[in-house]
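Enquirer:
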Ligand code: WT7
């Protein structure tokens, strides 16, 4: 039985304990239903009330939602605010200046604590430094930094001066960086000399230099370099600046730049089903509101909590649940530089113990790999650590299979902590479908019910609701404050991708399939319905990997599909036709390695196909269309029982069996 089937046939249920219900911000089913009802009866009134209660405005808004340019919706449009003010200054005003904002643990285990007062001083100096090199409101700044206090501060400093940041995950290649610089028209890069992961120093700044060498980065005036390791890296005079020198004499105060609620806080590139990665543009006001609300309702954040989201700031999870949400709520959070398996696979559990983490948010892939690691090395098993500080667990990025859910619940949560399985996307800014700890009876494998106010539904190809118990297409029927505003530089692609004519341009299309339980209406995500793969919770477009492969001079043609993988959720499987002869034996092995490295260079190591197979051709219909469903079956190692009568060249199936 597949995981999806297990989830929909799941009979174990976990109601919240009385104590959890009592202490929760949204307490009990009636409270949840009251919020949903409020949103249903007066949609704008509901969001307007929340935006006034949870966000600090410099100038209050008078109109909540402007639908006149649909699907380019505007929220709180005439309101003015500053996101960094909401995350820092207002906590000082509330007397939290000496509260620890960030507990930073380095790869080597060294711990640094930063208070709200210290963080505001650092962000202000950073912001003044950026201003001193001419960066101003509306400019785009590309950030290519490791997990660090400086990484969070760089994003906050941009927010403070109204510059729009575009963070690129440190695992992406020079080519990916170059493409993003060009697409965003960035004026500056903020990077580090090197990053430390798993006991190794890995160069970062040289990758920026490599991107420059490819050409097309003329929009960049400066590269600001945070000295993390002191590694020997080249600096280009007149262009490259050390961060410590740039901010050394800067003032510790910096008046925030008050921006319109719709001002783009950031762009974040993500993969789609066609073409190059798209720059998802987020707003300031609406985005911040949802970051705060989900911290308060999904994570039930309290003043004494120690919150730990293990994501990287290079992904949206790190934006919303490291850089913005926790700080906007005055929380204490962990920022971790290293990897879960160094010095051993007990690292996460050791850190939870030593920092007394109370809320822990991670990805199913991490859980699955740590389950396996604990089997191999009993010393890394969580039972060797005291995890009693935990009170709430979260999961994100991909469906969590019930077995992993149960292990997480028993071994990490001690059978006492609710698990919030949060479904959302880069485009949604924050949680969309998720349990609330003091409300929801949990069912392993299901993300349960929509966050109050989110109008999620499942429809068929023509946009009609499907009944519970029947699978369909996941849509959101009404705009919501933290939604994507557009694709940077490509409004047409935004409309086509997210508001397709199939639904008369009225519904937001998530790109996932889903099904609701026929008894309680709980949602289970059944996976992407487009050509997007989810590998270890990271999104990859099949076309993107295909383009990378065919860019290799030896490759004539390539098709990429996903196949289920026990550890990474999905694995990338590539079918390749070379210009020369089809390689076999050692020659094939060598070629596989070469192509994997090639894709690593073109996109980044996360895009390397796990499985590469060579054929003299690809299975095509007589009209020349690649038969992807056949490739999916081959990738899985299934016997081909499908109809192959339209197949032009049935003989090559044998070659592609792997
Ligand atoms: C895709 C979005 C959400 C931030 C990290 C990933 C899948 C995400 C879940 C979940 C099942 C999930 C979906 C979605 N996904 N969370 N809890 N259960 N699937 O953001 O890179 O934009 O990917 O991740 O397929 O569309 P992303």
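In full-length UniProt numbering, the protein residues as written are 1 to 658.
Backbone N, C-alpha and C define an ideal beta-carbon position, used for all residues, glycine too.
Hey, which residues come within less than 7 Å of the ligand WT7, measuring from Cβ to any heavy atom, in chain order?
Expert: Cβ atoms closer than 7 Å to the ligand WT7 belong to 270, 315, 316, 317, 395, 396, 397, 398, 399, 400, 421, 422, 423, 424, 425, 426, 427, 447, 510, 511, 512, 525, 527, 528, 534, 537, 538 and 539.
Enquirer: Under 8 Å between the Cβ atoms of residue 580 and residue 554?
Expert: Taking 8 Å as the Cβ cut-off, residue 580 and residue 554 qualify as a contacting pair.
Enquirer: Give the range of the alpha helix (DSSP H) segment to which residue 295 is assigned.
Expert: It spans 285-297 - the alpha helix (DSSP H) in which residue 295 sits, taken as one unbroken run.
Enquirer: Please state whether DSSP places residue 446 in a helix, a strand or coil.
Expert: Coil, per DSSP.
Enquirer: I think residue 537 touches residue 171, with their Cβ atoms under 8 Å apart; what is that distance to the nearest whole Å?
Expert: Going by Cβ atoms, the distance from residue 537 to residue 171 rounds to 13 Å, so no, they are not a contact pair.
Enquirer: Would you check if the distance between the CB atom of residue 629 and the CB atom of residue 658 is smaller than 8 Å?
Expert: No; because the gap between Cβ atoms is not below 8 Å, this pair is not in contact.
Enquirer: If you compare alpha carbons, which of 623, 577 and 602 is closest to residue 652?
Expert: The residue with the shortest Cα to Cα distance from residue 652 is 577.
Enquirer: Checking the sheet assignment: what are the DSSP bridge partners for residue 562?
Expert: Partner(s): 572.
Enquirer: Assuming residue 204 and residue 192 are in contact, meaning their beta carbons sit under 8 Å apart, how far apart are those beta carbons, in whole angstroms?
Expert: That belief holds up - the Cβ atoms of residue 204 and residue 192 are roughly 5 Å apart, short of 8 Å.
Enquirer: Mapping DSSP to helix, strand and coil, what is residue 433?
Expert: Residue 433 falls in the strand class under three-state DSSP.
Enquirer: Between residue 459 and residue 472, is the Cβ-Cβ spacing less than 8 Å?
Expert: Closer than 8 Å, so yes.
Enquirer: Does the contact criterion of 3 or more C-beta pairs under 8 Å hold for the segment 207-222 versus the segment 176-183?
Expert: Because the criterion of three Cβ pairs below 8 Å is met, the segment 207-222 and the segment 176-183 touch.
Enquirer: Helix, strand or coil for residue 263, going by three-state DSSP, please let me know.
Expert: Residue 263 falls in the coil class under three-state DSSP.
Enquirer: So if DSSP puts residue 659 in a beta bridge, which residue, or which two residues, is it bridged to?
Expert: There is simply no residue 659 to check, as the chain begins at 1 and stops at 658 in what is shown.
Enquirer: Where does residue 485 land, buried or exposed, given buried means 16+ other C-beta within 10 angstroms?
Expert: Buried, because 16 or more other Cβ atoms sit within 10 Å of the Cβ of residue 485.
Enquirer: Is residue 25 helix, strand or coil when you go by DSSP?
Expert: Three-state DSSP puts residue 25 in coil, outside helix and strand.
Enquirer: Cα separation between residue 353 and residue 337?
Expert: One C-alpha to the other measures close to 17 Å.
Enquirer: Please confirm whether residue 120 and residue 88 have their CB atoms less than 8 Å apart.
Expert: Closer than 8 Å, so yes.
Enquirer: Quick check on residue 11 - is its C-beta less than 8 Å from some C-beta in chain C?
Expert: Although the question refers to chain C, the structure presented lacks it and comprises just one protein chain.
Enquirer: Residues bridged to residue 525 by DSSP?
Expert: Residue 525 is bridged to 514.
Enquirer: I'd like the span of the alpha helix (DSSP H) that includes residue 533, first residue to last.
Expert: No alpha helix (DSSP H) contains residue 533, which is instead part of the beta strand (DSSP E) from 532-535.
Enquirer: In angstroms with no decimal places, state the Cα-to-Cα distance between residue 395 and residue 240.
Expert: Distance between the alpha carbons of residue 395 and residue 240: 39 Å.
Enquirer: Where in the segment 352-435 do unbroken runs of the beta strand (DSSP E), each at least 3 residues long, occur, reported from the N-terminal end onward?
Expert: Taking only runs of at least 3 residues, the beta strand (DSSP E) segments lying wholly in the segment 352-435 are 359-362, 392-396 and 419-422.
Enquirer: Where does residue 183 land, buried or exposed, given buried means 16+ other C-beta within 10 angstroms?
Expert: Buried is the call here.
Enquirer: What separation, rounded to the nearest whole angstrom, lies between the Cα atoms of residue 640 and residue 151?
Expert: Cα to Cα, residue 640 sits roughly 49 Å from residue 151.
Enquirer: Tell me which residues share the same chain as residue 463 and place their Cβ nearer than 6 Å to its Cβ, disregarding the 5 neighbours each side in the sequence.
Expert: Excluding sequence neighbours, residue 463 sits near 503.
Enquirer: Tell me the residue span of the alpha helix (DSSP H) that contains residue 498.
Expert: Counting along the chain, the alpha helix (DSSP H) containing residue 498 begins and ends at 491-498.
Enquirer: From this set, 137, 190 and 147, which residue's C-alpha is nearest residue 264's C-alpha?
Expert: Residue 264 has its Cα closest to that of 137, out of 137, 190 and 147.
Enquirer: My guess is that residue 313 and residue 323 are in contact by the Cβ rule of under 8 Å, so how many angstroms apart are they, rounded?
Expert: Confirmed, about 6 Å.
Enquirer: Could you tell me which residues DSSP pairs with residue 203 in its beta bridges?
Expert: Beta-bridge pairing links residue 203 to 194.
Enquirer: Of all the options 654, 100, 160 and 174, which has the alpha carbon lying nearest to the alpha carbon of residue 600?
Expert: Per the Cα distances, 174.
Enquirer: Taking C-alpha atoms, which residue in 598, 525, 61 and 258 lies nearest to residue 552?
Expert: The candidate whose alpha carbon is nearest that of residue 552 is 598.
Enquirer: Taking the Cβ atom as the reference point for each residue, do residue 327 and residue 360 lie within a distance shorter than 8 Å?
Expert: Not closer than 8 Å, so no.
Enquirer: Going along the chain, which unbroken runs of the alpha helix (DSSP H) with 4 or more residues stay wholly within the segment 611-646?
Expert: As far as the segment 611-646 is concerned, its whole alpha helix (DSSP H) runs of at least 4 residues are 628-636.
Enquirer: To the nearest angstrom, how far is the alpha carbon of residue 318 from that of residue 24?
Expert: Their Cα atoms are separated by approximately 24 Å.
Enquirer: Between the segment 396-407 and the segment 281-301, do at least 3 Cβ pairs fall closer than 8 Å?
Expert: In short, these stretches do not touch, since the Cβ pair count stays below three.
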